[in-house]
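S.K.: Using my numbering, count along the sequence shown one by one with no gaps and you end on 943. Glycine residues also receive a C-beta, built at the ideal position from the N, C-alpha and C atoms. Given the structure is predicted, the values throughout are model-derived calculations rather than measurements. Take this structure first; my questions come after.
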Amino acid sequence: MSVKVKRLAVFCVIIAGVFFGTAAGVFFAVVHDLPQIRSLEDFSPSATTRVYSSDNAVIAELFVEKRDPVRIDDIPAYLVDALVSTEDRNFYRHSGIDLKGIARAFVRDVFSMEFKEGGSTLTQQLAKTLFLTSQKNLLRKIREAVLAFQIERRYTKREILEFYLNQIYFGSGAYGVKAAARVFFNKNLDDLTLAECALIAGMPKSPSRYSPLVNKKLAIWRRNVVLGQMLKNGKISRSRYDEAVREPLELASQDGKANPAGYFTEYIRSSLEDAVGVQRLYRGGLSVYTTLSWKLQQAAQAAVCSGLSELEARMAANGLTSTPQAALVSLDVRTGGVLAMTGGRDFQKSPFNRATSAIRQPGSAFKPVLYACALSHGFTQATTVLNTPVTFPGPRRGTWWTPENFSKDYSGEMTLRRALVHSENIPAVRVINKIGPASVARFAARLGITSPMSPYLSLALGTSGVSLIELTGAYAVFPRHGIFIKPYGVSRIVDRHNRLLWQARPVLSIALSPEDAAIMTDMLQGVIRSGTGRAAQGLPCPVAGKTGTTDQFRDALFIGFSRDVAAGVWAGTDDYTTLGPGETGARAALPIWRRFMKKVLDNKPCKGFDIPEGMVREAVDPVTGKPKSRERGGVLMLFKKGTQPGS
């Protein structure tokens, strides 16, 4: 053998050694601390995790058991077939890892430039649920695959299915198939129809999204997808498929005592799972301390129920049959923590959280965002804008748009403050035309509004949908001196030995100057004193806020704040039908807000809003923007020193 060949051989051996050594090292690093798969049949939670309010009330218990485990022989074959057909069609052929499925998922991830496609087998899902966190990264997928392989070596396919079907979460507090059958249909497992089995089997992929209690149409669509997979895989005949897809969805009655903190508990659930892992959260006997005030949560629920009863009566008098809903969210101005959250009338009947997940047009409640942006561009509240009819080019070539005032008043020149106080549309559109819709959209993001903003002139009138918690968080910036804090609900988590596991680290950013924040607060106080928010008068402490109403009275909002607490209220219907004539934000939402804020402010020491140094108040004509004494009708307005009229 020549010297060159020997050298090449030695080089190849070295390279191979490095490669396999590295691979072995990586593999050891991944698997060395994996939990041991010993006896899944004896695997059970050791303690219940309790969730506490800031005033130390137990608002929820999180657990895996407290359910009825069931043997695989007692689970309908249709339910097993539906689950396997939908979640893991190669379940009986793989050894815990479906290489084809992983390859498909990898290709989708590459094309989407994200790590989001699952590709997990039922065994991998079981391993993740029992032993791992819900984080999506390559390391977790490798650990998940190793655990799945170990499970497959120890247990039969039927045993794995039994573990899975007793372990998985189906939404609405239902863990395991027997609980799901009871929660959604109030039936024993052997009484379920094929269609009902398919609906249950379709839910683990996204329990909240496909819950029939949240969205019946989407749940039926998902059920039919599952039935289609069963037909494709030869588990049911065409005639059984046709019969099942035509079966009406009849759910169990959800009447019962509502959980006042149900919406909040679901709001924080995913962040808790990410913080400590599913296994530890539901089995670890942890104590979760939240920002929620139990006293204010009860006040929020009572205010929403009372306001909805009044609204429903008015709708009935107008011959309207849609069921109104309402949401309320309240934030601690100082910390950004959620103080109260009500996502609807009754969590048990409808767990969809309208405070966090409903993206609805805010109408004129968006105008403070626009005017705050204008202040950052050099406007003052005495800057005048024409309130006269005007036509603008539409978003598409050859189209035109003529905005109208709700009041039908076109009185000529007026100040920015007066335009906001009386919620006139045309001045708002003229302002956004000057500073640019894209600029306003970017500014909204600085205030924490992450929902997509359409950069058109109509954005000034609140035509881009936002969530209630986003908009309330944006308003909280004003009494917080221009600082945005992302709303959050969990303050800390400790284990059963009272050792700290996780603590909140609020996300802060500067959204606007303290001076502009103070000016916006001053303008919004004007809305309460003499504008669309007059019904909020009479509270024991100074407040500020703004109404919002969308076309045909589909949405009604009021967002406002005191020095220490911000709160937002939305009222509307889930099917986007009208609330009825005259159901503005001032009539449908503001009474709910006022009832809640009265509870917030009663028996509390009152302080006015902070004003930064170097600011002045001047009496100004609200129409012309020129100096005018209060005796002659002038209005006191706040300015940065040197920007007031006549300076």
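How is the beta strand (DSSP E) around Ala356 delimited, first residue to last?
M.R.: Val354 to Leu358
S.K.: Which two residues bound the contiguous alpha helix (DSSP H) that contains Val919?
M.R.: Looking at the DSSP string, Val919 is not in any alpha helix (DSSP H), and its letter there is neither H nor E.
S.K.: Going by the beta-carbon positions, is the gap between Ser672 and Asp812 smaller than 8 Å?
M.R.: Yes. Within cutoff.
S.K.: Can Ala595 and Leu666 be called in contact, C-beta distance under 8 Å?
M.R.: No. Outside cutoff.
S.K.: Going by Cα to Cα distance, which pick from Met933, Cys601, Ala598 and Gly659 is closest to Ala814?
M.R.: Met933
S.K.: According to the Cβ coordinates, are Phe588 and Ile355 closer than 8 Å?
M.R.: At residue 588 the sequence reads Leu, which differs from the Phe that was named. Yes, they are a contact pair.
S.K.: CA-CA distance, Leu607 and Ser653?
M.R.: Distance between the alpha carbons of Leu607 and Ser653 is about 22 Å.
S.K.: Quick check: the region 843-859 against the region 875-892, are there 3 or more CB pairs under 8 Å?
M.R.: yes
S.K.: Taking the C-alpha atoms as reference points, what is the distance between Ser944 and Ala863?
M.R.: No information on residue 944 is available, as it lies outside the stretch 297 to 943 that the chain covers here.
S.K.: Sort Asn721, Ser754 and Lys645 by Cα distance to Gly690 and report the nearest one.
M.R.: Ser754
S.K.: Please report the straight-line C-alpha distance between Glu562 and Phe359, rounded to a whole angstrom.
M.R.: 14 Å
S.K.: Would you give the residue range spanned by the alpha helix (DSSP H) that Val380 belongs to?
M.R.: Ala373 to Glu383
S.K.: Taking 8 Å as the threshold (C-beta atoms), are Cys493 and Leu418 in contact?
M.R.: no
S.K.: Using CA coordinates, which residue listed in Lys704, Ser707, Arg692 and Val727 is at the minimum distance from Gln677?
M.R.: Val727
S.K.: Report yes if the CB atom of Gly632 is closer than 8 Å to the CB atom of Ile789, and no otherwise.
M.R.: no
S.K.: What's the gap between the Cα of Thr846 and the Cα of Val919?
M.R.: 26 Å
S.K.: Taking Thr344 as the reference, give the member of Gly639, Gln575, Ala831 and Leu743 with the closest Cα.
M.R.: Looking at the Cα atoms, Gln575 is the closest of the given residues.
S.K.: Can you tell me the Cα-Cα spacing of Val442 and Glu569, whole angstroms?
M.R.: 22 Å
S.K.: Assess contact between the region 611-621 and the region 909-926, defined as three or more Cβ pairs (one per stretch) separated by less than 8 Å. Is contact present?
M.R.: no
S.K.: How is Tyr537 classed by DSSP in three states: helix, strand or coil?
M.R.: helix
S.K.: What is the C-beta distance between Phe662 and Gly829, in whole angstroms, given that I count them as a contact (C-beta under 8 Å)?
M.R.: Their Cβ separation, rounded to whole angstroms, is 15 Å, which puts Phe662 and Gly829 out of contact at 8 Å.
S.K.: Beta-carbon within less than 6 Å of Ala636's beta-carbon, same chain only, minus the 5 sequence neighbours each way: which residues are those?
M.R.: Leu592, Gln593, Ala596 and Ser626
S.K.: So the beta strand (DSSP E) Thr711 belongs to, where does it begin and stop?
M.R.: In the DSSP assignment, Thr711 falls within the beta strand (DSSP E) that extends over Gly708 to Thr711.
S.K.: How big is the Cα-Cα spacing for Lys421 and Met749?
M.R.: Reading off the sequence shown, one finds Gln at residue 421, where the question assumed Lys. If I take the Cα positions, the gap works out to 37 Å.
S.K.: For Ala885, collect the residues of the same chain with a Cβ closer than 7 Å to its Cβ; drop the 5 residues on either side in sequence, then sort them by chain order.
M.R.: Ala852, Leu853, Phe854, Val865, Trp866 and Ala867
S.K.: Which value, in whole angstroms, describes the spacing of the CA atoms of Asn484 and Val584?
M.R.: 34 Å
S.K.: Gln621 lies in the beta strand (DSSP E); which residues open and close that run?
M.R.: Per DSSP, Gln621 belongs to the beta strand (DSSP E) from Pro620 to Asp628.
S.K.: Helix, strand or coil for Gln940 per DSSP?
M.R.: Looking at Gln940 - three-state DSSP - the assignment turns out to be coil, as it is neither helix nor strand.
S.K.: Are Leu604 and Arg641 closer than 8 Å when you measure CB to CB?
M.R.: yes
S.K.: For my contact list, Val823 and Val916 are in at a C-beta cut-off of 8 Å; report their separation, rounded to the angstrom.
M.R.: 17 Å between Cβ atoms; not a contact.
S.K.: For Pro751 versus Ala734, is the C-beta distance shorter than 8 Å?
M.R.: yes
S.K.: From Glu546 to Ala378, what distance separates their C-alpha atoms?
M.R.: 19 Å
S.K.: Are the CB atoms of Asp351 and Val629 within a distance shorter than 8 Å?
M.R.: Not in contact: Val629 and Asp351 (Cβ atoms no closer than 8 Å).
S.K.: For Phe459, report the span of its alpha helix (DSSP H) as first-last.
M.R.: Lys453 to Gln463
S.K.: Quick check on DSSP: helix, strand or coil for Thr768?
M.R.: helix
S.K.: Within 10 Å of its beta-carbon, does Val680 have 16 or more other beta-carbons around it, so buried, or fewer, so exposed?
M.R.: Inspection of the sequence shows that residue 680 is occupied by Thr rather than by Val. When all chains shown are included, Thr680 counts as buried.
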